[in-house]
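Working notes, beginning with the structure itself.
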Amino acid sequence: MERLLDDLGRMYHERNSALEALEAAHLDTLMRLAVAAELRDDDTGAHIVRLGYLAGALARHQGVDEQGAQMLRLAAPMHDIGKLGVPDDVLKKPGALTPEERRLMQTHPRMGADILGNSAIPVFALAAEVALHHHERWDGTGYPHGLAGEAIPLSGRIVAVVDYFDALTMDRCYRPAFADDRALAMLAEQSGQAFDPGVVAAFLAHAPELMALRDWVNQTQPGFVQLSALGENRAPARPALAGTDLLRERLEM
18 MERLLDDLGR MYHERNSALE ALEAAHLDTL MRLAVAAELR DDDTGAHIVR
68 LGYLAGALAR HQGVDEQGAQ MLRLAAPMHD IGKLGVPDDV LKKPGALTPE
118 ERRLMQTHPR MGADILGNSA IPVFALAAEV ALHHHERWDG TGYPHGLAGE
168 AIPLSGRIVA VVDYFDALTM DRCYRPAFAD DRALAMLAEQ SGQAFDPGVV
218 AAFLAHAPEL MALRDWVNQT QPGFVQLSAL GENRAPARPA LAGTDLLRER
268 LEM
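This note's numbering puts the first residue of the sequence shown at 18, with every later residue one more than the last.
Below, the structure is given as structure tokens:
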């Protein structure tokens, strides 16, 4: 009987180890796909790493528990994985999109959710939720479902805010980066329209901390392997900052 119990215990341990290895391999594959999608639109791929750390930190300020914040840190970088299905001539077009090009661009949330699938693994289910909903708008004019207010999952509302701010402070093919203080003002202007006012207020209230975290990511350049590692988002303190239709279109893509 004792030997049988030992054998069952060993089998249980081996099964759990195999499942953990499979989940890690799945996460690694999807993160690599996310990097591939990002490199088509950002030469460094650093945006998605910053996005993960910022989303996790902002989630804490929205009352999300540590496990949930860590999970969002892993899920957020996969938000634009559906852009793998968008043609380069649309994704990298420096001018305004035609109606057909806009329609193609707006397919990427659904494609991302399809790539991530209906997984029973929580982090992948969350990543699919983020991919599907990060272009919904608080006022109901977003896509793909035109959800409004709190009908949009909190994960999507958080990622939408950090994605917008980080994109504003990056050089893009159609305009140079905005200064941090200007980007914060532009974010505030979209509160209650594109974005959840509560999430925007939390971002603005904790902007010095969040921008210090962003700067830490830029300086240390952690890859997606480090992004996946356990541990809290931490960065040195930073002092508070002083206080076109084409731009809006491309930021909403």
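Even for Gly, the Cβ is constructed at its ideal location relative to N, Cα and C.
Item to complete: To the nearest angstrom, report how far apart Y160 and T237 are at their CA atoms.
Response: 35 Å
Practice prompt. Note down the Cα distance separating A196 from V216, rounded to an integer number of angstroms.
Written response: 21 Å
Worksheet item: Whose C-beta lies closer than 7 Å to the C-beta of H223 among residues of the same chain, with five residues either side of it excluded?
Response: H78
Worksheet entry | Simplified DSSP assignment, three categories, for F182 | helix
Worksheet entry | Supposed close pair L171, L71 - CB separation, criterion 8 Å | In fact, because the Cβ distance is near 15 Å, the residues do not count as touching under 8 Å.
Worksheet item: Between F182 and A130, what straight-line distance do the alpha-carbon atoms span, to the nearest angstrom?
Response: 23 Å
Item to complete: Counting only the same chain and skipping the five closest in sequence on each side, list residues whose C-beta sits under 8 Å from that of G99.
Response: A54, T124, H125, P126, R127, M128, G129, A130, D131, I132 and A148
Fill in: 6 Å Cβ shell around I169 - same chain, five flanking residues per side excluded
H150 and E153
Worksheet item: Cα separation between A74 and L89?
Response: 9 Å
Discussion item. Going by the DSSP bridge assignment, what does F141 pair with across the sheet?
Written reply: DSSP, once it has assigned bridges, lists no residue as partnering F141.
Fill in: Sequence-distant residues of the same chain with beta carbon closer than 6 Å to A200, five excluded per side
F182, L185 and T186
Worksheet item: What's the call for G166, buried or exposed, on a 16-neighbour Cβ count within 10 Å?
Response: exposed
Worksheet item: What number of angstroms, rounded off, separates the C-alpha of D232 from the C-alpha of P239?
Response: 12 Å
Item to complete: Count the other C-beta atoms from every protein chain shown that fall within 10 angstroms of the C-beta of I198, then say buried if there are 16 or more, exposed otherwise.
Response: Note that residue 198 is Asp in the sequence shown here, rather than Ile. Its Cβ having fewer than 16 others within 10 Å, D198 is exposed.
Worksheet item: Which residue comes first and which comes last in the alpha helix (DSSP H) that contains M187?
Response: From DSSP, M187 is part of no alpha helix (DSSP H); its letter is neither H nor E.
Worksheet item: Nearest to A211 by alpha carbon, out of R192, L230, A194 and D180?
Response: D180
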